[in-house]
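**Student:** Protein chains in written order, with this note's numbering: chain A, 21 to 439; chain C, 21 to 439.
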């Protein structure tokens, strides 16, 4: 690699809102997206919410000349909705499906059926190893009463851990996707602090697009005020994040977003705005270390966010256990009723009623059993993430050599944790 | 690090057969295991089938002086059963839960409820980075009619991928565990070919223990002839595998197994035999490359096993889709019956029978729906792994620059795959 090595990387990210039968103007938007991607010829186009594999195949065919390599990340029952189109050969592929992703009985939210995931593509660009990640986290349906908050924190932690452990030999790390979190949200901070990824919107000197970099804006005709909740001016939940790992530095020269309408004309490409970043990767000047050892301020910020996440997961564990206990009681009650009905059926008087009620009661016991099992699994998943956070906190403490124990009581009791 | 660097690593691996209420002499075996581990003071003790977290806590307390660090890998509903005790501080922890792990309706097999997983521990030993993995794959209940074969191949592939992607900056990789596969089984070959891991039993010059290195032997009083199936003399399904990644080489000086009885006296520690390996890590001599680029023979072996796995997963996909179709028909039939019962209930004659049959029929539709969803997810998981295999096959072909297309027809059609 030459010493004056410089690599330009043009990246496109969009949550496509491509839901068969439900999304408006789907075929038209998909066609225009294909045309736009062909015209712009990005290095990488990372898409979310492409729920139909046929639509992916359509795009793949349409983009085959400009983007010779592509991948669709299958998972769950419906799929992850993630796919990627690349101008460069994809060397390696792996994906991680998040262990917690909502509740199967919340059918109308649907996230559980999707198998939300993070996909990793390894590219070799002029001798540089680029790890590009694409993801989509669980949606936030209510900011005031967010029953999925703990799940989203676990997803953010799993995402951060996946990136941390799979990018150790990469030169450059890129993460694009719909995180369904605002920039200051706990999961977002956890992700950035643990991985060291930087936010293109915050870092760039040259931003053009929607106000405050919002990626869901009221001007977009597919966005309702209900979607924006208490943020009528728009929300920023889609991101381009990056870092250089060793011997290189990376910066975002320009970042653009669409602004509620098609980049050229017509209706918007999606209910989300597209992000278009031009990144430059160069060799670090010898005197500069692109990954300096984190100082006390960084370590303190990490410790603080780890503790906050730890506490949040503790609340999630308590809730999951409450549901498991509740359904446990329902199972016991249902079994008691079944025995009572058997006794009743043996007598002459109420035999018909007893037989009639027997099957719904069996259904109740089985249904409660399924919900019990699900919440036991949820509690286990939350405990697991909490234990990992606790382990990092302990290692951080050992590194900092602090004398004072950080919140020893909750770390040792709640969640039955250890490291 | 000194040029004459040499590190001795003593490793213990055991599937503990620690199932509350079911395993014989559990408390006694656990106590003796703790005593033995304290006496021997291994660097790492990697255990499987510790299904009770209380038992882990018991061991943790008992071993706290000899093994100051420990971790229990939680997952699924019951847990992964995996835990580790380390004489050295554990720097980092992550785990991957296998996406396919049997069928929830096979309650008496139970694997689905366990959340089988692979756990990774990163240790820093005298400046050397050791990635130690511990795992336990789905059991093989019948060699002749193995309905879990495709699941085990996917697990082996996910394990191989997880190791491949998380060990790129490690100096030494160690994998211990119960793979539930014989050395020549497809999954085992896939794992070894894709990761480059070497088998301690095959490599060591100094082996002491059970015949052919078997880890389930008829002499063990907890092992029945049924457990051994068509291999009455024993089977080898537990492994110590290792490799050095760069600048180092690793070799197994001695490997021991227990031989169906306690290392000291009394009944065996488990129904599996324990593995005890003494490994040495040294700097590679300058003229030797510990990780030479794979030659044509290695590439050919890899391609061959990738193709075989691809075909195996194709069979699994066909089977999963058959079950999804079958349950789909049952759902349609159930819905038709529901409508018929509604019509019957509207008439006077058969009202009681119709009402009586309505609820079991709802149960049938819901049950079939659950099984349908499960097999759809199974097919998606198998397709995903198949697509990853196909991608590696394509990259291998590109690397080899071969002219002939390897099996182009099945690679392009079955599974609806792409890369």
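Every residue, glycine too, gets a C-beta built ideally from N, C-alpha and C.
Note down the Cα distance separating residue 253 (chain C) from residue 237 (chain C), rounded to an integer number of angstroms.
**Tutor:** If you take the alpha carbons of residue 253 (chain C) and residue 237 (chain C), they lie about 6 angstroms apart.
**Student:** Using only CA atoms, which one of C:178, C:292, C:392 lies nearest to residue 43 (chain C)?
**Tutor:** Residue C:292 is the option with its Cα nearest to residue 43 (chain C).
**Student:** Can you tell me where the beta strand (DSSP E) holding residue 199 (chain A) begins and where it ends?
**Tutor:** Looking at the DSSP string, residue 199 (chain A) is not in any beta strand (DSSP E), and its letter there is neither H nor E.
**Student:** Out of C:270, C:325, C:315, point me to the one whose CA is closest to residue 27 (chain C)'s CA.
**Tutor:** Among C:270, C:325, C:315, the Cα nearest to that of residue 27 (chain C) belongs to C:270.
**Student:** Might you give, ordered along the chain, the residues of its own chain that have their beta carbon closer than 7 angstroms to the beta carbon of residue 145 (chain C), omitting 5 neighbours on each side?
**Tutor:** Taken in chain order, the residues that qualify are 27, 108.
**Student:** Hey, quick one: how far does the alpha helix (DSSP H) through residue 372 (chain C) stretch, first residue to last?
**Tutor:** First-last of the alpha helix (DSSP H) with residue 372 (chain C): 371–420.
**Student:** Among A:25, A:416, A:354, which has the Cα closest to the Cα of residue 147 (chain A)?
**Tutor:** It is A:25 whose Cα lies nearest to the Cα of residue 147 (chain A).
**Student:** Going straight from the alpha carbon of residue 191 (chain C) to that of residue 185 (chain C), what length do you get?
**Tutor:** So the alpha carbons of these two residues sit roughly 14 angstroms apart.
**Student:** Taking Cβ-Cβ distances below 7 angstroms as the criterion, which residues of the segment 337–348 of chain A are in contact with chain C?
**Tutor:** So nothing in the stretch comes that close.
**Student:** Only counting runs of 4 or more residues, tell me where the alpha helix (DSSP H) segments fall wholly within the segment 225–306 of chain C, in order along the chain.
**Tutor:** As far as the segment 225–306 of chain C is concerned, its whole alpha helix (DSSP H) runs of at least 4 residues are 245–248.
**Student:** What's the gap between the Cα of residue 395 (chain C) and the Cα of residue 129 (chain C)?
**Tutor:** Computed Cα separation, rounded: 18 angstroms.
**Student:** I need the DSSP call for residue 345 (chain C), collapsed to helix, strand or coil.
**Tutor:** Residue 345 (chain C) falls in the helix class under three-state DSSP.
**Student:** Starting from the beta carbon of residue 411 (chain C), find every residue of chain A whose beta carbon is closer than 7 angstroms, and list them in chain order.
**Tutor:** Per Cβ cutoff of 7 angstroms: 113.
**Student:** When you compare the CB of residue 354 (chain C) with every CB in chain A, is at least one pair closer than 8 angstroms?
**Tutor:** Cβ-Cβ to chain A under 8 angstroms: no for residue 354 (chain C).
**Student:** I want to verify the contact list: residues of chain C whose CB lies under 8 angstroms from the CB of residue 380 (chain A), in sequence order.
**Tutor:** Per Cβ cutoff of 8 angstroms: 379.
**Student:** On the three-state DSSP scale, how would you describe residue 50 (chain A)?
**Tutor:** Helix at residue 50 (chain A).
**Student:** Using 8 angstroms as the limit for Cβ to Cβ distance, is residue 119 (chain C) near chain A?
**Tutor:** Judged by the 8 angstroms Cβ criterion, residue 119 (chain C) is in contact with chain A.
**Student:** Please give me, in chain order, every unbroken run of the alpha helix (DSSP H) with length at least 4 that falls completely inside the segment 118–203 of chain C.
**Tutor:** Listed in chain order, they are 131–134, 169–186.
**Student:** Let me know if residue 428 (chain C) comes out buried or exposed under the rule of 16 or more other beta-carbons within 10 Å of its beta-carbon.
**Tutor:** Caution applies to residue 428 (chain C), whose pLDDT of 39 falls short of 50 and renders its modelled position unreliable; the model cannot decide the point.
**Student:** Going by DSSP in three states, residue 63 (chain A) sits in which element: helix, strand or coil?
**Tutor:** Reduced to three states, the DSSP call for residue 63 (chain A) is coil.
**Student:** Please confirm if residue 126 (chain C) has its CB atom under 8 angstroms from at least one CB of chain A.
**Tutor:** Residue 126 (chain C) does not count as touching chain A.
**Student:** Look at residue 170 (chain C) and residue 333 (chain C) and say whether their C-beta atoms are less than 8 angstroms apart.
**Tutor:** In this structure, residue 333 (chain C) lies closer than 8 angstroms to residue 170 (chain C) by Cβ.
**Student:** In three-state terms, what does DSSP make of residue 105 (chain C)?
**Tutor:** Residue state, collapsed to three classes: strand.
**Student:** Checking contacts by CB at 8 angstroms: is residue 376 (chain C) closer than that to chain A?
**Tutor:** Yes - at least one Cβ of chain A is within 8 angstroms of the one on residue 376 (chain C).
**Student:** Within a Cβ cutoff of 6 angstroms, which residues of the same chain sit near residue 37 (chain C), ignoring the five residues on either side of it in sequence?
**Tutor:** These residues qualify, in order along the chain: 43, 69, 290, 291.
**Student:** Since residue 299 (chain C) contacts residue 29 (chain C) with CB under 8 angstroms, what's their CB separation in whole angstroms?
**Tutor:** At roughly 4 angstroms, the Cβ-Cβ gap stays under 8 angstroms, so residue 299 (chain C) and residue 29 (chain C) are in contact.
**Student:** Where does residue 356 (chain C) fall in DSSP's three states?
**Tutor:** Residue 356 (chain C) falls in the helix class under three-state DSSP.
**Student:** Could you spell out the range, first to last residue, of the alpha helix (DSSP H) harbouring residue 25 (chain C)?
**Tutor:** That residue, residue 25 (chain C), is in no alpha helix (DSSP H); it is neither H nor E in DSSP.
**Student:** When you compare only the Cα positions, how much space is there between residue 95 (chain C) and residue 351 (chain A)?
**Tutor:** Cα to Cα, residue 95 (chain C) sits roughly 23 angstroms from residue 351 (chain A).
**Student:** Express the C-alpha separation of residue 410 (chain A) and residue 438 (chain A) in angstroms, rounding to a whole number.
**Tutor:** Unreliable positioning characterises residue 438 (chain A) in this predicted model, as indicated by a pLDDT of 37, which lies under 50. The coordinate reading is nonetheless provided below. Approximately 8 angstroms between the Cα atoms of the pair.
**Student:** Would residue 157 (chain C) pass as a contact of residue 104 (chain C) if the rule is Cβ separation under 8 angstroms?
**Tutor:** Against a cut-off of 8 angstroms, the Cβ pair of residue 104 (chain C) and residue 157 (chain C) comes out as no contact.
**Student:** Is residue 431 (chain C) buried or exposed, if buried means 16 or more other CB atoms sit within 10 Å of its CB?
**Tutor:** Low confidence applies to residue 431 (chain C): its pLDDT is 36, below 50, so where it sits in the model is not reliable, and the reading given next is rough at best. Classification for residue 431 (chain C): buried.
**Student:** With DSSP run on the structure shown, which of helix, strand or coil describes residue 221 (chain A)?
**Tutor:** Correct three-state label for residue 221 (chain A): helix.
**Student:** 8 angstroms is my cut-off, CB to CB: does residue 54 (chain A) come that close to chain C?
**Tutor:** So no, residue 54 (chain A) is outside the interface.
**Student:** Would you tell me roughly how many angstroms separate the C-alpha atoms of residue 89 (chain A) and residue 50 (chain A), rounded to the nearest one?
**Tutor:** Residue 89 (chain A) and residue 50 (chain A): Cα-Cα distance of roughly 18 angstroms.
**Student:** From residue 87 (chain C) to residue 140 (chain A), what does the alpha carbon distance come to, in whole angstroms?
**Tutor:** Distance between the alpha carbons of residue 87 (chain C) and residue 140 (chain A): 36 angstroms.
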